[in-house]
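Since the structure comes first, as C-alpha cells, the remarks are kept for the end.
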Amino acid sequence: MTDTTARLKKAGMDFEILVDLDEALKFKKGLSDFLSIGGDRIFRDLKKGNVASKDDLEIAFKTTNVDEIGKIIIKQGEVLTDQEHRDEEKEKRVKQVVDFLSKNAIDAQTGNPLSPGKIKTALEQASILIKNAPIDSQIKEILEKLSLILPIKIETKKIRILVPAIQTGRVYGLLTQYKEKENWLNDGSLEVVVSIPAGITLEFYDKLNSMTHGSAITEEIK
1432 MTDTTARLKK
1442 AGMDFEILVD
1452 LDEALKFKKG
1462 LSDFLSIGGD
1472 RIFRDLKKGN
1482 VASKDDLEIA
1492 FKTTNVDEIG
1502 KIIIKQGEVL
1512 TDQEHRDEEK
1522 EKRVKQVVDF
1532 LSKNAIDAQT
1542 GNPLSPGKIK
1552 TALEQASILI
1562 KNAPIDSQIK
1572 EILEKLSLIL
1582 PIKIETKKIR
1592 ILVPAIQTGR
1602 VYGLLTQYKE
1612 KENWLNDGSL
1622 EVVVSIPAGI
1632 TLEFYDKLNS
1642 MTHGSAITEE
1652 IK
C-alpha cells in the first residue's frame, strides 16, 4: 500500500485527504466503489496538519460527512502519483497507440504493414505527447505529427451524416474531430462529411448513436 494526497480547490479553498494510491485511482476511474480516508479527516493543508473546519466543509461541500467529501475530492480533484506510476501509465498509452497503428496503418510509400517497433521509434522521435484520453479523440493529431517522421497512412472511411437540429450541440464536438465538410441547413440541422479511421468506425457509430439517441442519418461515401 502506498499512501498519497488527493486535493481539490473548491469555494476558493484548498482541501486535501490522505488515501491509498491504488484504491483512489480505481475509485476515480469507476473501477471500485470502495474508498477509505486516512484518519477520517479532511485537511486544508495535509503537510501542516491543518484540519478543515466544519464551517469550511459546509460552505464548500454542503456537508460535513468525511466519506462523501472524500469521494468528491477524488472524483473532481487531483490524485498525486509517484514517478513510477506516471511512467507505467505513459507506457500503457503508448502501447495502445502502437497496437492501433500497427493494425490499421501502412507504409504510404510501399503499402506494407508497419512494425510496432518502427511506430514506437517514430513516436519517440516526433516527441508526441499521448494524452490520457481515448485513442479515437487524438489519433488524427498523432497521425499528422507522425507523418513528419514516417511515411504513414491509415485506411479511412468517409461518412455523410445528417444530425437533427435538436441534437447538434450534443454531438458537434465529436464530429469536429473528423469533419471534412459541414453545412448548416435552414431548419437548423447539420450535414457533415467525416473521415474516420477504419479501425474505430464501430466505436464512432456507437458514440454517434448514443449522443443522438439514434436520430442521426448516416451514409457511407464510396
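Sequential numbering from 1432 applies to the sequence shown in this note's numbering. Note that CB positions come from ideal geometry on N, CA and C, so glycine has one too.
Beta-bridge partners of residue i, as assigned by DSSP
| i | result |
| --- | --- |
| I1468 | Answer is none; I1468 lacks a bridge partner. |
| L1449 | T1436 |
| M1444 | K1441 |
| S1589 | Per the sequence presented here, residue 1589 reads as Lys, with Ser not at that position. DSSP output for K1589 lists S1626, I1652 as bridge partner(s). |
| F1474 | E1447, V1482 |
| V1510 | A1437 |
| L1621 | V1594, W1615 |
Cα-Cα separation, residue i to residue j
| i | j | result |
| --- | --- | --- |
| K1441 | K1521 | 29 Å |
| L1477 | D1445 | 10 Å |
| L1621 | V1529 | 34 Å |
| S1546 | Y1636 | 28 Å |
| S1558 | I1580 | 10 Å |
| D1513 | K1551 | 24 Å |
| V1594 | T1643 | 8 Å |
| Q1507 | E1454 | 16 Å |
| F1531 | I1570 | 9 Å |
| A1483 | F1458 | 23 Å |
From the options, residue whose alpha carbon lies closest to that of residue i
| i | options | result |
| --- | --- | --- |
| R1475 | K1562, W1615, L1439 | L1439 |
| K1638 | A1491, K1534, P1565 | P1565 |
| G1630 | G1548, T1587, A1539 | T1587 |
| S1578 | A1553, G1600, N1543 | A1553 |
| D1471 | D1498, G1548, E1572, F1492 | D1498 |
| K1576 | R1517, L1456, E1555 | E1555 |
| K1460 | N1496, F1492, G1480, E1509 | E1509 |
| D1479 | E1447, I1490, D1486, F1492 | Correcting the residue type first, residue 1479 is Lys in the shown sequence and not Asp. Measuring from the Cα of K1479, the nearest candidate turns out to be E1447. |
C-beta atoms of residue i and residue j nearer than 8 Å
| i | j | result |
| --- | --- | --- |
| I1627 | Y1609 | yes |
| V1623 | E1613 | yes |
| I1468 | G1443 | no |
| I1561 | R1524 | yes |
| T1494 | I1590 | no |
| L1605 | I1592 | no |
| V1625 | E1611 | yes |
| L1452 | T1433 | yes |
For residue j and residue i, believed in contact at Cβ under 8 Å, the rounded distance
| i | j | result |
| --- | --- | --- |
| L1415 | T1436 | What is shown of the chain runs 1432 to 1653, which leaves residue 1415 out entirely. |
| V1450 | L1462 | Between L1462 and V1450 the Cβ distance is about 15 Å, and since that is not below 8 Å, they are no contact. |
| A1539 | I1583 | 6 Å |
| L1488 | I1504 | Wrong, their Cβ atoms sit about 11 Å apart, outside the cutoff. |
The ligand NAD heavy atom lying under 7 Å from the CB of residue i
| i | result |
| --- | --- |
| R1591 | The ligand content of the structure shown is nil, which means the ligand NAD is not present either. |
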